[in-house]
Amino acid sequence: MYSEINEDFVRRSIKPRKASSHKGENGAVMVIGGSWMYHGAPFLAAMAALRCGVDLAYIAAPEKIVPSIRALSPAVIAIPLTDMKLTRGAVRRILKMISKVDALVIGPGLDSGSEPGIELVVEEAATLGKGIVLDATALYRDVLRYISGRKAVLTPHAGEFKRVFGVEVPGTLEERIQLVKESAKKNEVTILLKGRVDVISDGVETAVNRTGSPAMTTGGTGDILSGIVAAFLAWGIEPFRAAASAAWINGKAGELAASKRGLHIIATDLLDEIPEVMKKFDRIIEE
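With the numbering used here applied, the sequence shown covers 410 to 696.
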């Protein structure tokens, strides 16, 4: 059995904001990623989290690309890392910062060979009870032992799913649903398998998301999705609902962008549409 994600599901997931809330109370996210070729990936994830409504977004990236990231927006806080890869030495600064954030995205744009640093960060974040989103380079089999039973979401496409779980993703939706559910249950994680129809499961609950557009094949839309998931985790939404709601929001933003620009959208167009999608869920409560 599985459910279809819809607007009501998302509305029930997103919590209201207090009228008296102050900076930092509505979540802080750290994105760890970036490389010489891919300085945009962590930026897109961080901006997606901000557009959802978190108060602070940090980007931990190699110091050589930090000027490029800072030039993109003053809204993000860049943390320079000493090495181009996420080495054990480079993560020391990150480990000191983890306690200041509510959720982390690890992997967008990150160079291969970063596994030792990834595992140090994931282990520390899991120990502190932080929300964890793993994408791109951070999706590999050995990392599973650090996140089993934790507040973690994996966001693979079919190829990354095979790399993590060693299984080819089947063609039919019913088979994909069964595979994702079994893999999530066995490893005690939440999986968001990206595709024309997204499949989300924590091994107990399973759902599919049908929002989106063929225009969303452009690079960076997956980075935006990971940032939305992190925002929801930062708000204390449990991983399954965070992942499923994020998939719906991301797809709706893509639909809106495509309605204005056809098949000619780029990832930053989705960033512009996230507030339009999200504002219908805005609620402010008095204490």
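Just so it is clear, CB atoms sit at the ideal spot from N, CA and C, and this is done for glycine as well.
Beta-bridge partners of Arg-426 (DSSP): Ile-693. Listed in chain order, the non-local C-beta contacts of Lys-432 below 6 Å within the same chain comprise Asp-464, local neighbours out to five positions each way being set aside. In this chain, the alpha helix (DSSP H) harbouring Ser-477 covers 475-481. For Ala-455, the closest alpha carbon among the candidates Glu-434, Glu-472, Lys-473 and Arg-479 is that of Arg-479. For Ser-523, the CB contacts under 7 Å within the same chain, skipping 5 residues up- and downstream, are Lys-494, Leu-495 and Thr-546 in chain order. The beta carbon of Lys-661 sits closer than 7 Å to those of Thr-620 and Val-686, all from its chain and outside the five residues before and after it, given in chain order.
From the listed residues Trp-445, Lys-505 and Leu-504, the smallest Cα separation to Ser-477 is found for Trp-445.
Bounds of the beta strand (DSSP E) holding Val-542 are 540-543. Put simply, the segment 550-557 touches the segment 519-536. At least three CB pairs are less than 8 Å apart. In this structure Gly-612 does not touch Leu-519 by the C-beta definition: roughly 27 Å separates them, more than the 8 Å allowed.
In the pairwise beta carbon analysis, the segment 640-648 is classified as touching the segment 493-513: at least three pairs are separated by under 8 Å. Per DSSP, reduced to three states, the secondary structure at Glu-528 is helical.
Here the segment 574-582 does not lie against the segment 677-686, with fewer than 3 beta-carbon pairs under 8 Å apart. DSSP lists Ile-600 and Thr-615 as the beta-bridge partner residues of Ser-610. The Cβ atoms of Ala-651 and Gly-540 sit closer than 9 Å to each other. Less than 9 Å divides the Cβ of Ile-693 from the Cβ of Lys-427.
Bounds of the beta strand (DSSP E) holding Leu-563 are 561-563.
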